[in-house]
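Residue numbers (this note's numbering): 12 to 87.
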């Protein structure tokens, strides 16, 4: 990517390495997806991670839809 700008690069990229959202990868109905937790058992789909085109056609598992899930237990 080429970026033509008079603004210093330090100012443009400031904060890029700080992740503010906390996403998780889960599997629902055999489809791996990235989700953002809404509460303890519900999450919103952010994106589907699959190479199978049929997974993207599933109407209930589209980005923005909510799914029930079981959060992974934290392991120390």
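Glycine included, C-beta positions come from ideal geometry on N, C-alpha and C.
Treat the numbers as computed from the prediction; the structure is a model and nothing was measured.
Open item on the list: On the DSSP letters alone, give me the boundaries of the beta strand (DSSP E) that residue 73 sits inside.
Closed with: From DSSP, residue 73 is part of no beta strand (DSSP E); its letter is neither H nor E.
Open item on the list: Using only the alpha-carbon positions, how far apart do residue 35 and residue 21 sit?
Closed with: 30 Å
Open item on the list: With a threshold of 8 Å on Cβ separation, who are the neighbours of residue 39 within its own chain once the five nearest residues in sequence on each side are excluded?
Closed with: Taken in chain order, the residues that qualify are 72, 78 and 80.
Task: Residue from 41, 76 and 51 whose Cα sits closest to the Cα of residue 61 - done: 41
Task: Range covered by the alpha helix (DSSP H) that runs through residue 38 - done: Segment 34–39 is the beta strand (DSSP E) holding residue 38; no alpha helix (DSSP H) there.
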